[in-house]
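Note that the numbering used here gives residue 373 to position 373 of the sequence shown, counting from 1, and the numbers run on in steps of one.
These notes concern the structure reproduced below.
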Amino acid sequence: MHRLSSLSRPLHSFMPSPPPRWWPPALARRVFPPREPPNPTARRVPRFPLGFRNMASTTEVEGDDSGKPDMRLLINSSVTQNMNNMETRSTTGEPMACYAEVIDDKRDTWGKTVGYEEETVDNEDEEYGNCDTLMVRYPLDRVRPLAVIPKSRHRDGSIYKCTHSWKKECLIADRSETIFEPMMFTEPSNCFIFNGTCMRHGPTHMLQIVSIKLAKIHVDGGPIALYGYIALRDNLDPLLNYVVKFSRDDPITLEQGSLINLAGPKRGINYLGDIFIEYDMRIKTVGPEKHDPQLIDGVSILGNMGVRNRSVFTNRIHGNCGAVDITFSSLENAIEATVEVAISEVQSSFNLSLGCFTSGLNEEIRLFDGVIGETRSLKRSVVAVVIDSWIHLKFKVGTERSSSTERDCFFNAGNHGSSARKIKTDFALISVKVIWSPLPDGF
1 MHRLSSLSRP
11 LHSFMPSPPP
21 RWWPPALARR
31 VFPPREPPNP
41 TARRVPRFPL
51 GFRNMASTTE
61 VEGDDSGKPD
71 MRLLINSSVT
81 QNMNNMETRS
91 TTGEPMACYA
101 EVIDDKRDTW
111 GKTVGYEEET
121 VDNEDEEYGN
131 CDTLMVRYPL
141 DRVRPLAVIP
151 KSRHRDGSIY
161 KCTHSWKKEC
171 LIADRSETIF
181 EPMMFTEPSN
191 CFIFNGTCMR
201 HGPTHMLQIV
211 SIKLAKIHVD
221 GGPIALYGYI
231 ALRDNLDPLL
241 NYVVKFSRDD
251 PITLEQGSLI
261 NLAGPKRGIN
271 YLGDIFIEYD
281 MRIKTVGPEK
291 HDPQLIDGVS
301 ILGNMGVRNR
311 SVFTNRIHGN
321 CGAVDITFSS
331 LENAIEATVE
341 VAISEVQSSF
351 NLSLGCFTSG
361 LNEEIRLFDG
371 VIGETRSLKR
381 SVVAVVIDSW
391 IHLKFKVGTE
401 RSSSTERDCF
411 FNAGNHGSSA
421 RKIKTDFALI
431 SVKVIWSPLP
441 DGF
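Set out below in structure tokens:
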């Protein structure tokens with residue numbers, strides 16, 4: 001797989017590629033002539049030192065102590081470097097992160113790491129302290145921490161300084177949104193059909209954001225006004241694919257334990273390689289912006305080594321004033337499902353909740369939760385779904401004075417095209433459309 005390093009080069013997704021692994025061998029030989037084998041001495045390497053890459057941790061098994069969180073900081077050392085060719089799992093088969101050993105109870109401070117040759121950036125009036133302090137302040141609750149890459153903070157400008165290769169590769173200085181749109185191959189004109197299936201536009205390995213939660217806050221006064229963003233950068237496109245985005249002028253009010261409404265992703269998330277998670281979230285105060293407390297700030301890497309298919313895992317991002325939990329799902333052989341919902345014939349104001357279950361997983365993805373008072377369309381949602389599996393949409397409609405009524409829709413995922421349903425309720429007519437499309441990396 002090629003990696004996109006500059007937008008001045010043609011996008012690798014549109015280059016000729018070998019037949020997918022799931023093609024029948026005889027068909028692959030007829031369509032694609034044999035090619036010379038690759039250089040046996042060449043090997044693919046991670047995009048960043050292993051010490052800062054998190055191999056996702058799946059949901060724990062009740063009663064299994066092997067999945068208890070480790071209190072040690074993810075650092076780059078000879079211990080982790082020697083584990084490049086090892087696949088470490090717990091007794092339940094769950095992937096585990098590689099941790100460095102602690103000697104004489106000495107650990108690196110946040111922002112200074114063994115084997116990372118560069119000066120430590122001063123954090124001015126903000127100081128993270130060492131990882132031990134963060135762990136004591138924020139009990140992990142069996143949730144593994146997501147390591148923050150040194151020199152990746154927005155507040156002190158360190159993310160824009162220096163010339164690390166990962167910053168060039170991810171085009172960190174370019175704040176543009178991803179150039180790819182959803183539904184790019186919903187109705188392609190160059191399909192190759194074999195036994196009723198399009199063999200040219202196939203599924204790929206995708207990541208699904210299940211939920212983002214304000215896990216911890218350490219400020220007085222109850223609910224907080226939160227603003228900022230969380231975005232992903234994947235192999236398909238190094239630019240920002242926002243999943244959370246709120247301006248300071250329009251923050252979201254949350255309490256500890258509340259889910260954060262998802263603003264994205266704009267298009268499906270490619271999980272064929274490491275994913276960079278970039279975040280800068282702050283707590284709005286009555287004073288000037290420069291005095292707003294920082295919730296989380298930096299960049300982390302989510303690796304896909306050892307991640308089980310159709311698994312769900314949660315990682316925690318720690319910050320000065322709290323922590324955020326991000327729950328993901330790894331889905332192989334998946335395509336992109338774009339969910340569009342239109343509300344019409346509104347009889348009276350009502351509450352609407354829309355949840356989504358994908359690919360047989362039990363975890364609900366919250367797509368909408370609010371009040372409907374007039375004809376409107378909901379925000380378009382993009383969900384990853386395994387090919388030939390189901391996407392389940394659960395609608396709850398009602399008023400505060402009455403119990404909610406649940407209505408369900410099921411859609412079977414295909415390579416292309418769309419599926420539609422209509423739901424008639426006492427409050428309004430709900431029109432649902434799900435549009436199927438593989439990602440460009442899927443062919």
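For each residue, glycine too, the CB sits at the ideal point set by N, CA and C.
If you check the CB distance, N270 and L146 do not come in under 8 Å.
By the beta-carbon neighbour count (other beta carbons within 10 angstroms, threshold 16), N190 is exposed. Per the DSSP secondary-structure output, N412 pairs in a beta bridge with W390.
The alpha-carbon separation between K266 and N241 amounts to approximately 6 Å. Straight through space, the alpha carbons of F357 and L393 are spaced by roughly 7 Å. For K216, the enclosing beta strand (DSSP E) starts and ends at T204 to I217. The DSSP-derived three-state label of E289 is helix. Sequence-distant Cβ neighbours of V243 in its own chain, meaning closer than 8 Å and more than five residues away, are I209, I212, I230, A231, L232, L262, A263, G264 and P265.
Annotated as distal: V382 and A413, with beta-carbon spacing of 8 Å or more.
In the structure shown, P188 falls within a coil segment according to DSSP collapsed to helix, strand and coil. Inclusion of F185 and H201 in the CB contact set at 8 Å is warranted, their separation being smaller than that value.
In the three-state reduction of the DSSP assignment, S311 falls in the strand class.
Under the three-state reduction of DSSP output, I372 falls in the strand class. Per the Cβ contact rule, the segment 338-346 is not in contact with the segment 305-315 (fewer than 3 Cβ pairs under 8 Å). Secondary structure at P440: helix, using DSSP grouped into helix, strand and coil.
C-alpha of D297 to C-alpha of R142: approximately 22 Å in a straight line.
With fewer than 16 other Cβ atoms from the protein chains shown falling within 10 Å of its own Cβ, N362 counts as exposed. For T375, same chain residues with a beta-carbon under 7 Å away, outside a window of 5 residues either side, are I343, S344 and V346 in chain order.
Rounded to the nearest whole angstrom, the C-alpha separation of G268 and M183 is 9 Å. In this structure, the beta-carbon distance from N320 to P293 falls below 8 Å. Residue environment analysis places A173 among the exposed positions, since fewer than 16 neighbouring C-beta atoms fall within 10 angstroms of its C-beta. Inter-residue distance for D280 and S329 is about 23 Å (C-alpha atoms, whole angstroms). Apart from the 5 residues on each side of it in sequence, S419 sits with its Cβ closer than 6 Å to the Cβ of F411 and V434 in its chain, given in chain order. Cα atoms of R380 and L367: separation of roughly 9 Å, rounded to the nearest angstrom.
DSSP, reduced to helix, strand and coil, places I159 within a helical segment of the structure shown. For T405, the pairing in a beta bridge is given by DSSP as V397. Pairing G360 with T338, the inter-Cα distance amounts to about 18 Å.
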